[in-house]
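Working notes for the structure below.
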Amino acid sequence: MVDVTDERIKALVLIRIDPGTENKLVDELMTFEGVTEAHFIYGPYDIYCKVDCPDYNSLNELVMNNIRNVQGIKSTTTCYLA
Numbered sequence: 641m642v643d644v645t646d647e648r649i650k651a652l653v654l655i656r657i658d659p660g661t662e663n664k665l666v667d668e669l670m671t672f673e674g675v676t677e678a679h680f681i682y683g684p685y686d687i688y689c690k691v692d693c694p695d696y697n698s699l700n701e702l703v704m705n706n707i708r709n710v711q712g713i714k715s716t717t718t719c720y721l722a
């Protein structure tokens, strides 16, 4: 059996935003501890963030209390990396 309790949680956060806020939002997202990358993308989402957190509670805190509270962000979808 593999013990995964010490493994960090890595995820992609796919973000839909208000038009015209792209540059401001990428810069602001990069200020959050745990966000390792933030990029514009084309398609149903506007920005993706790669995040690296010590545990699920930290990831939840980052997404729910930081990323989702940024003005201009309309919605997020979090995808855990295997």
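Numbering (my numbering), first residue to last: 641 to 722.
Just so it is clear, CB atoms sit at the ideal spot from N, CA and C, and this is done for glycine as well.
These numbers were taken from a predicted model, which means no experiment stands behind them.
When only Cα atoms are considered, ASN697 and VAL703 end up about 10 Å apart.
Counting only the Cα atoms, ILE655 lies some 15 Å from THR676. If you ignore the 5 residues before and after MET670, its C-beta comes within less than 6 Å of the C-beta of ALA678, all in its own chain and listed in chain order.
In the three-state reduction of the DSSP assignment, GLU677 falls in the strand class.
With fewer than 16 other beta carbons inside 10 angstroms of its own, CYS719 counts as exposed.
Here ALA651 is buried. Its C-beta has 16 or more other C-beta atoms within 10 Å.
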